[in-house]
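Just so it is clear: in the sequence shown, position 207 is 206 by numbering that gives the first Met the number 0, and no numbers are missing. Ideal Cβ placement from N, Cα and C applies to all residues, glycine included. See below for the structure under consideration.
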Amino acid sequence: MKGVLSKLAKRLLFTLQSRYLGCQQASERVAASHIDRDFLMFQFMELSRRVRSLFQTLAHAQGYAEERRPKISSIFILKVCYALALFLCLLPTSLKTYLHVHLYLNQKLIKIIEIRIAMSQGLSRKAIEAAIQKYGPVIYTHPEDQYLPCSVEWFLTHCTLVESKAPGSKTVHPLETQLPTGPKEGTRWYLDIEDSVKPGNMESAKAYFWVFSAYNGHGTAKFDSLVFNKVERTGNVNLAPLGEHVGDWEYVGIRVDNTTQELIAIILSEHGKNIVFDKAAITKSFTFQDTTHPIIYSSLNGHANFPSIGPNYTEHRKVLGIPFGLEFNLLNTTAAGGPSINTSLKYQLVNAPYLTEDKVVSPAWVGYPYRWGPEGTAINMDAKTLGEIIKVVIGDKDATKLIDTPIVLLASELLHIFVKADVNGAGAPMGQSPWRGLY
């Protein structure tokens with residue numbers, strides 16, 4: 000009987016996987032044309048039918064009599080429900096889904112499981128703009144940040160569009176319409192910047208979907224030297240030029256219920272991660288301006304987003320040694336008092352392909368698939384930075400004898416793992432998962 004259950008469970012997981020791929024392909028077609036909504040609904044209904052059929056087969060155990068049907072453990076039920084929940088989480092968030100599971104249990108026997116998946120109507124353009132004006136966050140930059148946000152239009156006036164392959168053309172200060180679009184051809188195109196672009200331009204800055212900064216500054220780490228696992232000394236180390244890159248796209252997401260148009264989640268970008276705050280976490284973590292606008296703090300140089308001020312440690316590492324050890328964290332310092340952007344007032348709708356009425360016309364730069372900066376400009380950790388780390392570890396003693404010790408080598412290697420040692424431009428927004436509604 001265990002073999003039968005195992006085969007049925009595998010069939011269920013295969014069904015979920017294959018139907019998810021079908022739904023994903025269908026949802027991509029929906030993004031291009033609203034006509035394919037019926038096809039997507041068909042995929043959902045077919046999934047419902049097949050899963051229901053599998054559970055009916057499981058309940059009847061291939062013809063066993065009522066009294067001899069296999070007993071299903073609650074753990075198995077939980078695993079199945081978890082698989083279904085995971086499947087729904089993977090669906091594009093532009094589709095609002097509901098899962099209704101009706102379990103009719105009799106002495107731990109499953110009679111039937113019915114699944115219904117329904118879609119709600121997406122917000123109209125008017126409703127989208129109303130939500131932005133009501134819930135658009137206020138983003139505060141750090142008072143000491145030298146690399147502030149700017150608009151794409153301003154950024155392009157300080158760049159040269161370079162073609163790396165023949166004929167090798169160059170366009171100084173390209174217009175949006177001069178940016179290449181369509182399928183990406185490796186690293187054929189990139190943007191070479193002028194030094195004058197790095198400070199950004201707060202006056203032109205606005206929210207698109209991400210917040211755009213012309214330059215991402217260096218990283219900073221907090222190091223603690225350990226003696227027999229106890230902190231002996233501590234210090235903050237400037238990791239420049241590690242962490243620096245051109246064209247910094249950072250993301251702040253405001254999720255609104257399509258039906259009630261209430262704020263239900265906030266998503267913040269944090270060094271390639273997307274941190275989701277549900278309604279309970281929003282109440283606990285955020286403060287608001289004018290009652291409805293969440294306040295968000297952008298970290299010094301790196302521009303990761305956080306709901307409060309402070310050091311905001313990430314990427315904790317600890318390397319133990321005898322007698323010495325090393326513990327360090329990346330610092331994402333946020334503070335009040337810096338220049339701010341009220342995104343409910345300064346924004347531009349650039350993409351909403353599902354709208355059939357009052358459509359959003361995307362600016363030409365949305366289709367640019369290449370990096371927002373140079374290509375192939377790697378930088379390695381320099382001796383000065385490594386020397387600062389060693390000084391924190393051993394204090395004022397002579398550090399030259401310990402350069403090759405395992406603890407220093409390991410710390411150096413870890414830094415390269417979680418601090419990008421390059422100044423390549425950020426990838427295009429359209430290639431990032433949040434652009435497709437996946438967090």
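#### Entry: DSSP bridge partner residues for residue 159 (one or two, in chain order)
171 and 191
### Residue from 373, 366, 251 and 353 whose Cα sits closest to the Cα of residue 183
366
#### Entry: Test item: CB-CB of residue 315 and residue 328 under 8 Å
yes
### Those residues which DSSP pairs with residue 304 across a bridge
297
### Message
Does residue 152 come out as helix, strand or coil in the three-state DSSP assignment?
### Response
helix
### Reduced DSSP category for residue 370 - H, G, I as helix; E, B as strand; rest coil
coil
### Query
Which of the three DSSP states, helix, strand or coil, is assigned to residue 272?
strand
### Task
Provide the residue span of the alpha helix (DSSP H) that contains residue 139, from first to last.
Premise fails: residue 139 lies in the beta strand (DSSP E), 137-139, not in any alpha helix (DSSP H).
### Task
For residue 429, name the three-state secondary structure that DSSP assigns.
helix
### Task
Can you tell me which of the three DSSP states residue 313 falls into?
strand
### Task
Would you list, in sequence order, the uninterrupted alpha helix (DSSP H) runs of no fewer than 4 residues that lie entirely inside the stretch 317-361?
none
### Terminal residues of the alpha helix (DSSP H) in which residue 204 lies
Looking at the DSSP string, residue 204 is not in any alpha helix (DSSP H), and its letter there is neither H nor E.
### Task
Check residue 146 in the structure and name its three-state DSSP category.
coil
### Query
Within 10 angstroms of its Cβ, does residue 185 collect 16 or more other Cβ (buried), or is it exposed?
exposed
### Query
From which residue to which residue does the alpha helix (DSSP H) around residue 284 run?
278-284
### Message
Given a cut-off of 8 Å on the beta-carbon distance, is the pair residue 309 and residue 140 in contact?
### Response
no
### Message
Between which two residues does the alpha helix (DSSP H) holding residue 132 run?
### Response
124-134
### Message
Among the candidates 361, 290, 349 and 356, whose CA atom is the shortest distance from the CA of residue 135?
### Response
290
### Query
What do you get for residue 167, buried or exposed, if any count of 16 or more other CB atoms within 10 angstroms of its CB means buried?
exposed
### Query
Measuring CA to CA, which of 350, 176 and 288 is closest to residue 207?
350
### Task
Specify the secondary structure class of residue 176 as computed by DSSP and reduced to three states.
helix
### Buried or exposed by the 16-neighbour rule on C-beta atoms within 10 Å, applied to residue 357
exposed
### Message
Looking at residue 249: is its Cβ nearer than 8 Å to the Cβ of residue 203?
### Response
no
#### Entry: For residue 256 and residue 296, the rounded distance between their alpha carbons
24 Å
### Query
Apart from the five residues on each side of it in sequence, which residues of its chain come closer than 6 Å, Cβ to Cβ, to residue 277?
264
### Task
Let me know if residue 122 comes out buried or exposed under the rule of 16 or more other beta-carbons within 10 Å of its beta-carbon.
buried
### Query
Straight-line CA distance for residue 37 to residue 294?
No answer about residue 37 holds up, because its pLDDT of 45 lies below 50 and its placement is not dependable.
#### Entry: Of the residues 302, 259 and 178, the one placed nearest residue 368, counting alpha carbons only
178
### Query
How many Å lie between residue 339 and residue 364 at the Cα?
25 Å
### Message
For a test of your reading of the model: does the CB of residue 312 fall under 7 Å from any non-hydrogen atom of the ligand PLP? Yes or no.
### Response
Here there are no bound small molecules, and the ligand PLP is not part of this structure.
#### Entry: Residues that DSSP places opposite residue 264 in a beta bridge
254 and 277
### Query
Are residue 194 and residue 373 touching if we call contact CB-CB under 8 Å?
no
#### Entry: Alpha-carbon spacing of residue 270 relative to residue 172, whole angstroms
29 Å
#### Entry: Other residues of its chain near residue 181: CB distance less than 8 Å, five sequence neighbours each side excluded
366 and 368
#### Entry: Neighbour-count burial assignment, residue 441, 16 or more Cβ in a 10 Å radius
In the structure displayed, the chain extends from 0 to 438; residue 441 sits before or after that span and is not available.
### Task
Might you give, ordered along the chain, the residues of its own chain that have their beta carbon closer than 6 Å to the beta carbon of residue 359, omitting 5 neighbours on each side?
348 and 351
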